[in-house]
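Working notes, structure below.
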Ligand code: PLP
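Written as structure tokens, this is what we have:
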């Protein structure tokens, strides 16, 4: 297996891939692959409902929440959220933390009134702004934040108290990387392709009342109430992807659920940030240390030349995906749930060797 540090689609647990491989052609002695089955049949429906109850189970089964499996990626949610929840006379607050927050803001602006509740733009998005004392206008429909900025490598440690205003989070790049209290949120969403499974499935978890009464003029697919009323089976769901999500969720349970996953993620992040910090300035972490992401580790070398050399040499030694996003440059190692400790250890060994050669 490659040492896969891709930002997304990203590494999946080997055990999950092997299980899926074993079931690929003949799922539970039906003589069919799960992807060949009717989504209205009993066998698929069981998987579908299992995935949703397993997800809520991992989050402690909070009352009044529902899971939706949708398509169109987190990008479609950037628009569906304001389409469904930002009505005339209301305004939506956004926390502006970087590239992905900005994409969410761009879509909302096309659809209604918005305001920036907090921003780290002045800091070139290398930190998470203070959200402990936000003042939200009375007509605020919701407050949106990006719990982990995949490109900049920053992550929220604590979420704001919104005083009853629904808090919405794009958790695409850190969902289920640690325990969190779903009760703090009105709605959270994520494209599956980092911590949950393959691309093609988008997960939305929301308080039931936010999934009712979508505005009458909205087309059917874009209405949350369509999907909530039909248990995400209004039209053909991405069935193979949902099956894979269910398998990934089983694997998370086997890792000691979210507390177990968090401990493993923290160990990996500590090893990598430790290597950066102890390099005497040869490697430099990009994000403010207190806001560093445990999922996407962004760092730089002394020159772009040296960074190019690092990427070239790392690729030759079997490391994949270490180039920073084209918009910010530098280097990035995405160490999602499924990236094994051994891969991170191999990377830090490589980093030490590279420093010896070029330092
Ligand atoms: N939000 C975040 C934080 C992301 O990292 C990404 C993709 O990398 C997206 C949204 C966009 O997701 P999708 O490609 O599923 O639309």
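Numbering (the UniProt record's numbering), first residue to last: 4 to 362.
Idealized CB from N, CA, C, for every residue including glycine.
Distance cut 5 Å, beta-carbon to ligand 1 heavy atom: residue list by chain order
Here the list is 11, 76, 77, 78, 103, 153, 173, 175, 176, 194.
If you drop the 5 nearest sequence neighbours on each side, which residues of the same chain put their C-beta closer than 7 Å to that of residue 59?
If we look at residue 59 and ignore the five residues flanking it on each side, its Cβ neighbours are 68, 70.
Do three or more CB pairs link the segment 33-40 to the segment 181-196 at distances below 8 Å?
No: fewer than three Cβ pairs fall under 8 Å.
For residue 319, is the classification buried or exposed, using 16 other Cβ atoms within 10 angstroms of its Cβ as the cut-off for buried?
Under this definition residue 319 is an exposed residue.
Quick one: complete alpha helix (DSSP H) runs, 4+ long, within the segment 254-320?
Counting whole runs of 4 or more residues, the segment 254-320 contains the alpha helix (DSSP H) stretches 260-280, 307-319.
Please determine, among 282, 55, 295, 221, the residue with the shortest C-alpha to C-alpha distance to residue 361.
Nearest of 282, 55, 295, 221 to residue 361, Cα basis: 282.
Which residues share a DSSP beta bridge with residue 173?
The bridge partners DSSP lists for residue 173 are 149, 192.
Burial state of residue 155 (16 or more Cβ within 10 Å)
Classification for residue 155: buried.
Give a yes or no on whether the C-beta atoms belonging to residue 88 and residue 144 are separated by under 8 Å.
Yes, the Cβ-Cβ distance between residue 88 and residue 144 is below 8 Å.
Span separating the alpha-carbon of residue 243 from that of residue 200
Their Cα atoms are separated by approximately 10 Å.
Residue range of the alpha helix (DSSP H) that residue 156 falls in?
Neither: residue 156 is in no alpha helix (DSSP H) and is coded neither H nor E.
Proximity test, residue 6 beta-carbon vs ligand 2 heavy atom, cut-off 7 Å
In the structure shown, ligand 2 is absent; the only ligands present are ligand 1.
Apart from the five residues just before and just after residue 276, which ones in its own chain have a Cβ nearer than 7 Å to its Cβ?
Excluding residues within five positions, the ones whose Cβ falls inside 7 Å are 288, 295, 300.
I need the boundaries of the alpha helix (DSSP H) containing residue 45, first residue and last residue.
Here the alpha helix (DSSP H) through residue 45 covers 45-61.
Going by C-alpha to C-alpha distance, which of 102, 112, 359 sits closest to residue 363?
The requested residue 363 does not occur in the structure, where the chain is confined to residues 4 to 362.
Using the Cβ count rule (16 or more neighbours within 10 Å means buried), how would you classify residue 215?
By the C-beta density criterion, residue 215 is exposed, having fewer than 16 other C-beta atoms within 10 angstroms.
Of the listed residues 312, 167, 325, 83, nearest to residue 302 (C-alpha basis)
Ranking the options by Cα distance to residue 302, first place goes to 325.
Indicate the three-state DSSP secondary structure (helix, strand or coil) for residue 106 in the structure shown.
Of the three classes helix, strand and coil, the one that applies to residue 106 here is helix, per DSSP.
Return the CA-CA distance between residue 346 and residue 7, expressed in angstroms with no decimal places.
Rounded to the nearest whole angstrom, the C-alpha separation of residue 346 and residue 7 is 8 Å.
Candidates 139, 172, 46, 50, of which the one nearest residue 427 by Cα
Nothing in the structure corresponds to residue 427, since the chain is present only between 4 and 362.
According to the neighbour-count rule (16 or more other Cβ atoms, all chains shown, within 10 Å of its Cβ), is residue 204 buried or exposed?
By the 10 Å Cβ count, residue 204 comes out buried.
Return the first residue and the last residue of the beta strand (DSSP E) that residue 98 is part of.
Where residue 98 is concerned, the enclosing beta strand (DSSP E) stretches over 94-99.
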